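Counting from 1 along the sequence shown, just add 1 to a position and that's the residue number in the working numbering. Glycine is no exception: its CB is placed at the ideal position from the N, C-alpha and C atoms. Note that the coordinates shown come from a computational prediction; the quantities given were computed from them, not determined experimentally.
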Amino acid sequence: MQLMRLTRPDLTGTLRSVVDGSVLTSDDPGYDESRTPFFRHRIGRPAAVVRPRHAAAVAATVSVAANSGTPLQVRGGGHTAHSTGEGLLLDVRSLTGIDLELSDHTAWVGSGHTAGTLTDALGRHGTAVGFGDTPSTAISGLTLGGGVGFLARRHGLTIDNLLAAEIVTAEGQTRLVDPAHDADLFWAIRGGGGNFGVVTRFRYRLARVAEVYGGLLVLSATPRIIAEVAGVCAGADRELTVIVNILPAPPLPGIPPEQVGRPVLMARVCHTDPAVAEAAVRPLRRVATPLLDQLQPMPYPALLEETPDRGTRPALQTLFVNRIDETAGAAILGHLAEARSPLRLVQFRVLGGAIGDRPADETAYAHRDAPVLVMIVHGDEPGLGWADRWARQVRADLDQGVAGAYVNFLGPGDDRIQAAYPGPTFARLRAVKTAYDPQNLFRHNLNITPEGLAA
């Protein structure tokens, strides 16, 4: 294919002539906001920012990028390191339509939604899709990587509730994919990330979730307490999902002042059956006297809490482990004591339940039998050198020989993309990538390189 190299004025003019939507350059209001990611670690200066109004405008934008050889980045919530750059930035946040089919408990929704906006909208009808735990995260990136949230043990991953998608592929074609149409592509986007195109709409199965029992439970963190909480979570019924953060206690209302700065275990709890939840969470409360107990009946959307300090992107590491025992708890606390940033934590999510109900090869998320997912976070510093080394050392010390990594928790520059897709999964994804994006137009991501191109 012969490429049409365009200067910046030519690129902008071409886009404005074919795209139904906003085309912003550095002189336009909204340009700086669009190019600034959620974590302000690196702010690119794209030649143009495009905010398409519908799928056809997305297709026109993709075609211009492909035909001109212009680098293309795609932005949803802006949480990744790849949502800003120097070429063409496609901002999907205007794609916020919702088409509810309450009779069959499904919905078509635009990919511009965040987990928060969509959860709030669905919550008004007593329904939900299980996304992550942060409302500002875009549903697009979260879904395409798998989606491990508060409903995962009861209703499965986000991708387990994805019934179909509308996606624009590298040649500018809009495709409707599901198990009967482009089934290989539909398989790949359920866990394979943004490698295969720009999703403009998702069709989800909706869970009936009006009220849950949950909130925040804070305990002092010792190796014993950490291990016992993990054990309670592992032995619980699938209605209970707990996301556990171990960190220095922040100055939250209700936290005793003398505890601030000391290590605590902050358990964010969700039980989907309020009628039996009190008894189900009693073992958590018995592990130790809570420093703060906010567990109560609440609307499901109230569980999603925003990250208070956006700042710059932290160093991230992730792994799966078999268990969080006292040895792991002691290692976590030791590393947190040595860390240099106010933002430092180790998070674990006990998996199981509905996540393991599906075969490993049904989706590109192949970690169905992994017992526990761990994420390691250290705040930014100049160059990220020390923070990255710290996070990698924590990962090494917690490693129990369980293969794999969760792609949505891989940090920038992490070279373990193949670890996210173990066994035959990576080769299968690469074959789909080669078929639908042989020139690697969609490469500004955790990239799966097509066959015949250098990694």
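### Query
Start and end of the alpha helix (DSSP H) containing residue 266?
For this step, residue 266 is matched to residue 265 along the sequence shown. Careful: residue 266 lies outside any alpha helix (DSSP H), inside the beta strand (DSSP E) at 264-272.
### Message
Can you tell me whether residue 430 is helix, strand or coil according to DSSP?
### Response
Numbered from 1 along the sequence shown, position 429 holds the residue referred to as residue 430. Shown here, residue 430 sits in a helix according to DSSP, grouped into three states.
### Message
Cutting at 8 Å between CB atoms, please list the residues of its own chain near residue 398, excluding the five before and the five after it.
### Response
By 1-based counting over the sequence shown, the position of residue 398 is 397. Contacts found: 332, 336.
#### Entry: Reduced DSSP category for residue 154 - H, G, I as helix; E, B as strand; rest coil
One-based indexing of the sequence shown puts residue 154 at position 153. If DSSP states are grouped into helix, strand and coil, residue 154 belongs with the helices.
### Query
What does a CB cutoff of less than 7 Å around residue 216 pick up in its chain, not counting 5 residues either side in sequence?
What you label residue 216 is simply residue 215 of the sequence shown in a count that begins at 1. Around residue 216: 270, 295, 296, 297, 299.
### Task
Can you tell me which of the three DSSP states residue 80 falls into?
Position 79 of the sequence shown, counted from the start, is the residue given in the question as residue 80. Confidence at residue 80 is low in this model, with a pLDDT of 49, below 50, so its placement is unreliable and the value that follows should be read with caution. Here residue 80 sits in coil by DSSP.
### Task
Quick one: measure Cβ to Cβ for residue 111 and residue 443, integer angstroms, because I've assumed they're closer than 8 Å.
Mapped onto the sequence shown, residue 111 falls at position 110. Mapped onto the sequence shown, residue 443 falls at position 442. Wrong, their Cβ atoms sit about 19 Å apart, outside the cutoff.
### Task
Check each candidate in 261, 258, 285 and name the one with the smallest Cα separation from residue 228.
By 1-based counting over the sequence shown, the position of residue 228 is 227. When each option's Cα is compared against that of residue 228, the closest is 285.
### Query
Between the beta-carbon of residue 22 and the beta-carbon of residue 48, is there less than 7 Å?
Here residue 22 is taken as the residue at index 21 of the sequence shown, counted from 1. Here residue 48 is taken as the residue at index 47 of the sequence shown, counted from 1. No.
### Message
How far does the beta strand (DSSP E) with residue 92 in it extend, from its first residue to its last?
### Response
In the sequence shown, residue 92 corresponds to position 91, counting from 1. Residues 89-92.
### Collapsed DSSP secondary structure at residue 249 in the structure displayed
Within the sequence shown, residue 249 is the residue found at index 248, counting from 1. Reduced to three states, the DSSP call for residue 249 is strand.
### Query
For residue 247 versus residue 220, is the C-beta spacing smaller than 7 Å?
Position 246 of the sequence shown, counting from 1, holds the residue named residue 247. Position 219 of the sequence shown, counting from 1, holds the residue named residue 220. No, they are not a contact pair.
### Message
Using only the alpha-carbon positions, how far apart do residue 151 and residue 355 sit?
### Response
As a working mapping, residue 151 is identified with position 150 in the sequence shown. As a working mapping, residue 355 is identified with position 354 in the sequence shown. Going from the Cα of residue 151 to the Cα of residue 355 covers about 12 Å.
### Task
Compare the C-alpha of residue 369 against each of 234, 68, 424, 30 and name the closest.
Within the sequence shown, residue 369 is the residue found at index 368, counting from 1. Taking only the C-alpha atoms, the option nearest residue 369 is 424.
### Task
Label residue 290 either buried or exposed according to how many other C-beta atoms from any shown protein chain fall within 10 Å of its C-beta, with 16 as the threshold for buried.
As a working note, residue 290 is residue 289 in the sequence shown. The residue is exposed, with fewer than 16 neighbouring Cβ atoms inside 10 Å.
### Message
By the DSSP assignment, the alpha helix (DSSP H) with residue 216 in it spans what residues?
### Response
Counted from its first residue, the sequence shown places residue 216 at position 215. Note, residue 216: premise wrong, no alpha helix (DSSP H); beta strand (DSSP E) at 212-221.
### Task
Reducing DSSP to helix, strand and coil, say where residue 349 ends up.
As a first step, residue 349 is located in the sequence shown; it is residue number 348 there, counting from the start. Here residue 349 sits in strand by DSSP.
### Query
What three-state label does DSSP hand residue 463 in the structure shown?
No information on residue 463 is available, as it lies outside the stretch 2 to 456 that the chain covers here.
### Task
Reducing DSSP to helix, strand and coil, say where residue 297 ends up.
In the sequence shown, the residue the question calls residue 297 occupies position 296. Note: residue 297 maps to strand in three-state DSSP.
### Query
CB residue 222 to CB residue 243, shorter than 7 Å?
In the sequence shown, counting from the first residue as 1, residue 222 sits at position 221. In the sequence shown, counting from the first residue as 1, residue 243 sits at position 242. Their beta carbons are not under 7 Å apart, which means residue 222 does not touch residue 243 by this criterion.
### Message
Check for me: the alpha helix (DSSP H) holding residue 55 runs from which residue to which?
### Response
Position 54 of the sequence shown holds residue 55. Counted as a single uninterrupted DSSP element, the stretch harbouring residue 55 is not any alpha helix (DSSP H), since DSSP gives it neither H nor E.
### Query
So is residue 136 buried or exposed if we call it buried at 16+ other beta carbons inside 10 Å?
Sequence index remark: in the sequence shown, residue 136 carries index 135 (1-based). Classification for residue 136: buried.
### Query
Residue range of the alpha helix (DSSP H) that residue 226 falls in?
Here residue 226 corresponds to residue number 225 of the sequence shown, with the count starting at 1. In the DSSP assignment, residue 226 falls within the alpha helix (DSSP H) that extends over 224-236.
### Task
Kindly indicate the opening and closing residues of the alpha helix (DSSP H) around residue 147.
Along the sequence shown, read from residue 1 onward, the residue named residue 147 stands at position 146. No alpha helix (DSSP H) contains residue 147, which DSSP labels as neither H nor E.
### Query
Comparing alpha-carbon positions, which option in 450, 445, 119 lies nearest residue 436?
The sequence position of residue 436 within the sequence shown is 435, counting from 1. Nearest C-alpha to residue 436: 450.
### Task
Hey, could you find the ends of the alpha helix (DSSP H) residue 388 is sitting in?
For the purposes of this step, residue 388 is taken as the residue at position 387 of the sequence shown. Unbroken alpha helix (DSSP H) run through residue 388: 386-399.
### Query
Hey, out of 108, 306, 323, 339, whose CA is closest to residue 395's CA?
As a working mapping, residue 395 is identified with position 394 in the sequence shown. Minimum Cα distance to residue 395 is reached at 339.
### Message
If the criterion is Cβ atoms closer than 7 Å, does the pair residue 293 and residue 375 meet it?
### Response
On the sequence shown, position 292 is the one that residue 293 refers to. On the sequence shown, position 374 is the one that residue 375 refers to. No, they are not a contact pair.
### Task
Return helix, strand or coil for residue 44, following the three-state DSSP convention.
The residue given as residue 44 occupies position 43 in the sequence shown. If DSSP states are grouped into helix, strand and coil, residue 44 belongs with coil.
### Message
Looking at residue 274: is its Cβ nearer than 7 Å to the Cβ of residue 327?
### Response
In the sequence shown, the residue the question calls residue 274 occupies position 273. In the sequence shown, the residue the question calls residue 327 occupies position 326. If you check the CB distance, residue 274 and residue 327 do not come in under 7 Å.
### Query
Can the beta-carbon of residue 168 be found closer than 7 Å to that of residue 200?
Residue numbering aside, residue 168 sits at position 167 when the sequence shown is read from its first letter. Residue numbering aside, residue 200 sits at position 199 when the sequence shown is read from its first letter. A contact, by the Cβ cut-off of 7 Å.
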